[in-house]
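**Student:**
Number of protein chains: 2
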Amino acid sequence: MFSIAPSARLRPSPFYEATVKAGVTSFTVYNRTMLPTGFGDPEAEYWRLINGVSMWDVAAERQIELKGPDAARLAQILAPRNLTKQVEGQGKYAALCDHTGTLINDPIVLKIDDDCYWFSIADSNMLFWARAIASERGLDVSVEEADVSPLAVQGPKGEDVVASIFGDWVRELKYFWFKPSKIGDIPVMVARSGWSKQGGFEIYLMDKSRGSELWDIVAEAGKPWEIGPGNPNQCERIESGLLSYGGDTDDTTNPFELGLGKYVDVDVPDDVVGIEALRRIKAEGPKRQLLGVIMDTDEKLEFPNIWFDIQKDGIRIGDMVNCVFSRRLEKNIGYALVDMDSKPEDAVNVRKNGKDIPGALTALPFI
Amino acid sequence: MFSIAPSARLRPSPFYEATVKAGVTSFTVYNRTMLPTGFGDPEAEYWRLINGVSMWDVAAERQIELKGPDAARLAQILAPRNLTKQVEGQGKYAALCDHTGTLINDPIVLKIDDDCYWFSIADSNMLFWARAIASERGLDVSVEEADVSPLAVQGPKGEDVVASIFGDWVRELKYFWFKPSKIGDIPVMVARSGWSKQGGFEIYLMDKSRGSELWDIVAEAGKPWEIGPGNPNQCERIESGLLSYGGDTDDTTNPFELGLGKYVDVDVPDDVVGIEALRRIKAEGPKRQLLGVIMDTDEKLEFPNIWFDIQKDGIRIGDMVNCVFSRRLEKNIGYALVDMDSKPEDAVNVRKNGKDIPGALTALPFI
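Respectively, the protein sequence lines represent chains A and B. Be aware that the first sequence starts at 1, since it is given in our numbering, and climbs by one per residue. Be aware that the second sequence starts at 368, since it is given in our numbering, and climbs by one per residue.
(1) In chain order, what are the residue ranges of uninterrupted alpha helix (DSSP H) at least 4 long that sit wholly in the region 474–548 of chain B?
(2) Taking the straight line between their C-alpha atoms, what separation do you get for L361/A and D341/A?
(3) When burial is assigned at 16 or more other CB atoms within 10 Å of the CB, is W562/B buried or exposed?
(4) Roughly how far, in whole angstroms, is the beta-carbon of A132/A from the beta-carbon of N105/A, given that I think they are within contact range, below 8 Å?
(5) According to a CB-to-CB cut-off of less than 8 Å, which residues of the region 489–502 of chain B neighbour chain A?
(6) Using the Cα positions of E276/A and S164/A, report the straight-line distance between them to the nearest angstrom.
(7) Thinking E202/A and L49/A are a contact (beta carbons under 8 Å), I'd like their distance in whole angstroms, please.
(8) Taking the alpha carbon of K524/B as the point to measure from, which residue in N418/B, A438/B, G652/B and L645/B has its own alpha carbon closest?
(9) Shortest alpha-carbon distance to I734/B belongs to which of R559/B, V537/B, V387/B and L696/B?
(10) So if I threshold CB-CB distances at 8 Å, which residues from the region 6–25 of chain A count as touching chain B?
(11) Start and end of the alpha helix (DSSP H) containing G40/A?
(12) Are there any heavy atoms of the ligand NAD lying less than 7 Å away from the beta-carbon of P365/A, as far as the coordinates show?
(13) Taking 8 Å as the threshold (beta carbon to beta carbon), is S370/B in contact with chain A?
(14) Using the beta-carbon of each residue, which ones in chain A are nearer than 7 Å to G608/B?
(15) Please work out which residues of its chain come closer than 6 Å, Cβ to Cβ, to Q735/B, disregarding the five sequence neighbours upstream and downstream, and give them in chain order.
(16) Take every Cβ of the region 390–398 of chain B, pair it with every Cβ of the region 315–333 of chain A, and state whether three or more of those distances are shorter than 8 Å.
(17) Over what stretch of residues does the alpha helix (DSSP H) that includes D583/B continue unbroken?
(18) Excluding five sequence neighbours on each side, which residues of the same chain lie with their C-beta closer than 6 Å to the C-beta of V153/A?
(19) Give a yes or no on whether the minimum CB-CB distance between T33/A and chain B is below 8 Å.
(20) Would G101/A and G274/A be called neighbours here (beta carbons separated by less than 8 Å)?
(21) What residue ranges within the region 595–644 of chain B form continuous beta strand (DSSP E) runs of no fewer than 3 residues, ordered along the chain?
(22) Out of V631/B, A730/B and N600/B, which one is the CA nearest neighbour of G522/B?
(23) Have a look at V53/A, A95/A, K179/A and R32/A and flag the residue whose alpha-carbon is nearest the alpha-carbon of A59/A.
(24) Is it the case that the region 719–728 of chain B contacts the region 645–657 of chain B, given that we only count it when at least three CB pairs across the two stretches are under 8 Å?
(25) Identify the contact partners of W215/A in chain B, using a Cβ-Cβ distance below 7 Å as the criterion.
(26) Quick check: what's the CA-CA separation for I677/B versus E712/B?
(27) Would you mind sorting I605/B into buried or exposed? The rule is 16 or more other CB atoms within 10 Å of its CB.
(28) Who pairs with G391/A in a beta bridge, going by DSSP?
(29) May I have a chain-ordered list of the beta strand (DSSP E) segments no shorter than 3 residues that lie completely inside the region 50–74 of chain A?
(30) Using a C-beta cutoff of 8 Å, does V688/B count as contacting chain A?
(31) DSSP three-state label for R280/A, please.
(32) Give the secondary structure of T418/A by DSSP, where H, G and I count as helix, E and B as strand, and everything else as coil.
(33) Give the range of the beta strand (DSSP E) segment to which G359/A is assigned.
(34) Name, please, each residue of chain A whose Cβ falls closer than 8 Å to the Cβ of S611/B.
(35) Using alpha carbons as the reference points, say which of S607/B, K667/B and K698/B lies closest to Q565/B.
(36) Can you pull the chain B neighbours of V188/A, defined as C-beta to C-beta under 9 Å?
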């Protein structure tokens, strides 16, 4: 392990001081922002998410705000998904693509009102991207990174914690829907969302000076449910089949390869970025597919998280794009971005430094 | 200090294994790539750069390659600097701006040939930016991140080391000029360049599978000059007045505020991105300027590297945007992004957590 320190270039999150007090031990960098990756007890952090409730500083999930008369138009131009029926308070997952149909981010698009949208982004610069498209097309819209920082409350007991703060109305929120609220005078949005399959909410802090206060309020409210700190969990998210843009994708990956075809509406207008390419890819069919691979070894594999070749009958069929030891399956599992001939249960080998590890493909999610 | 580990999302550099062998202890993340920030002895690493020769893994300085019939046209559209006289083998520093004239990156633009340019970029996503502009304008050019990874050799003895590898012709290279070459069969470009004012070269590795080999060759060649590992040095670069895009800039900083006006040619064609805004800013004059600030305290200040208010006569005049204890001046120094009324030698206060640290403005560079 190596050390990292915040710097002027790597932005601290509004919850940074609070996570330091909570004992954060490691970080990654996401959208040029420090994102906690551990609090010293990976075992407890995992099971807290699976069985209890965990709170996460995910301020690195930045919000790109489109505001002005052409906000709705720009949102639609950027997202190859039909947004015409989206209503205020509703979020929609979208697979943003470039002009060649390659995935460049997979945000939740939140409709704040008719003239304001937030793109709650994965790890790539959608601020510059959206500004480029808006300016080149002469749209009447401002594009800014908003002062909005999500704090996630994840796990099966998350709803009880969030309801204890905001009231029982949060129990009625549908997935990806959100509602403005306040905690005292701290302005927030409350969304049913989060990068796990264990259920939960994201509280979008709308005043970066109030990060420690919000953290402490949630930590205090969660005590009856033994809330504790955590972070987006690599093991749980792979078990659950969730995508990490930039981790599971390369410079040519399109949404159809990733099983995201259901989020691509090819009947959106012709001015949507990449739609022509996406129609063609859909018509021709993708060249690769995302499956799982379960490795047949008792050893807990210590993979550096880079891509490895997957072979079937001695022939390369694709890449293992991420790998983790599953705490629930007690097996080494990974994602397999492989050719279209491959099928679940196919016997394969993962080649690591010239050695073969036997395994089998499987459908996603693992659990 | 906190720990960080490579992941599939944070790309290792081709020199990663070599830097681990060389004892790297800390990293930052730059262009989604792991960038070494220390090898355990900051004092020695600093003086090696000032008095000797240091080798740096700066693969995180990615190369965005524009290739095709419209490559030159796209390079000019992206860069508000006259590139018409740029010749093959010449690099030019350019202040890339968005449509509002805000700085979004400050690469070296390398002209490889008439149909191929590399943008050797700072820490922001110019791949997506260049693709957006190229596609929206219907240009006939491919935009890719090339398989090119710089290894810097910096310090007054750097030229001797690089000449011992490639021959004395490197001594004739002008600043930012470069030439293709080979070490054995490893393809490289050799450029007189680097993010320090101590002189030196960047060897652009053009085959990512050869990183450890190249590192070892340079380390071996440098032995007579006692070469050792290092990295872009925050202390030296601030003493020398070098800019860190994203560290010293915010979301509204324009080149004129940073003293980069001499790199902006307002007579470039009207289709250059941001040129209309830059002409207006130049005509009106910038609202801020970048100066230095020297703090008057014997204590070595331990600043977290975030921005702090600078006040003059109790009134806020701008921000200290970075701060370091200068090993040569033996003083705490920082950059001051302040209003246009401010002058070198003005007495100011830097406000840190409600306390004032007295100091004075100064012209850049410090040394």
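Virtual Cβ for every residue (Gly too), placed ideally from N, Cα, C.
**Tutor:** Per the coordinate set shown:
(1) Those alpha helix (DSSP H) runs which fall completely within the region 474–548 of chain B and span 4+ residues are 493–503 and 525–533.
(2) So the two alpha carbons sit approximately 12 Å from each other.
(3) Under this definition W562/B is a buried residue.
(4) Not a contact, Cβ separation roughly 14 Å.
(5) Within the region 489–502 of chain B, the qualifying residues are D490, S491, N492, F495, W496, R498, A499, I500 and S502.
(6) S164/A has its alpha-carbon roughly 48 Å from the corresponding atom of E276/A.
(7) Incorrect: roughly 14 Å between the Cβ atoms, too far for contact.
(8) Across the set N418/B, A438/B, G652/B and L645/B, the C-alpha of N418/B shows the shortest separation from the C-alpha of K524/B.
(9) Distances from the alpha-carbon of I734/B to those of R559/B, V537/B, V387/B and L696/B put L696/B closest.
(10) Shown in chain order are the members of the region 6–25 of chain A whose Cβ falls below 8 Å from a Cβ of chain B: P6, S7, A8, R9, L10, P12, V24 and T25.
(11) Where G40/A is concerned, there is no enclosing alpha helix (DSSP H), given that its DSSP letter is neither H nor E.
(12) Looking at this structure, you won't find the ligand NAD or any other ligand, since it has none at all.
(13) Cβ-Cβ to chain A under 8 Å: yes for S370/B.
(14) The contacting residues do not exist; G608/B stays about 16 Å from chain A at best.
(15) Limits of chain B in this structure are 368 at one end and 734 at the other, which puts residue 735/B out of reach.
(16) No contact exists between the region 390–398 of chain B and the region 315–333 of chain A.
(17) Secondary structure note for D583/B: its alpha helix (DSSP H) is the uninterrupted segment G578 to A588.
(18) Result list for V153/A: M55, V161, V162, G200 and F201, in chain order.
(19) It does not: the Cβ of T33/A has no partner Cβ on chain B nearer than 8 Å.
(20) In this structure, G101/A sits near G274/A, with a CB-CB distance shorter than 8 Å.
(21) Counting only runs that start and end inside the region 595–644 of chain B, the beta strand (DSSP E) elements of at least 3 residues fall at 595–597.
(22) The option with the nearest alpha carbon to G522/B is N600/B.
(23) Ranking V53/A, A95/A, K179/A and R32/A by CA distance to the CA of A59/A puts R32/A first.
(24) They do not touch, by the three-pair rule.
(25) In chain order: nothing, as chain B lies at least about 17 Å away.
(26) Near 14 Å, if we compare the C-alpha coordinates of E712/B and I677/B.
(27) Buried, by the Cβ-count rule.
(28) Examination of residue 391/A is not possible in this model, given that chain A is present from 1 through 367 alone.
(29) Runs of the beta strand (DSSP E) inside the region 50–74 of chain A: 54–57 and 63–67.
(30) Taking 8 Å as the CB threshold, V688/B lines the interface with chain A.
(31) Three-state DSSP puts R280/A in a helix.
(32) Lying outside 1 to 367, the shown extent of chain A, residue 418/A is not represented and no answer is given.
(33) Unbroken beta strand (DSSP E) run through G359/A: K355 to T362.
(34) Going along chain A in sequence order, the residues near S611/B (Cβ under 8 Å) are A8 and R9.
(35) Looking at S607/B, K667/B and K698/B, the one whose alpha-carbon comes closest to that of Q565/B is S607/B.
(36) For V188/A, none of the residues of chain B pass the 9 Å Cβ criterion, the least Cβ distance being about 23 Å.
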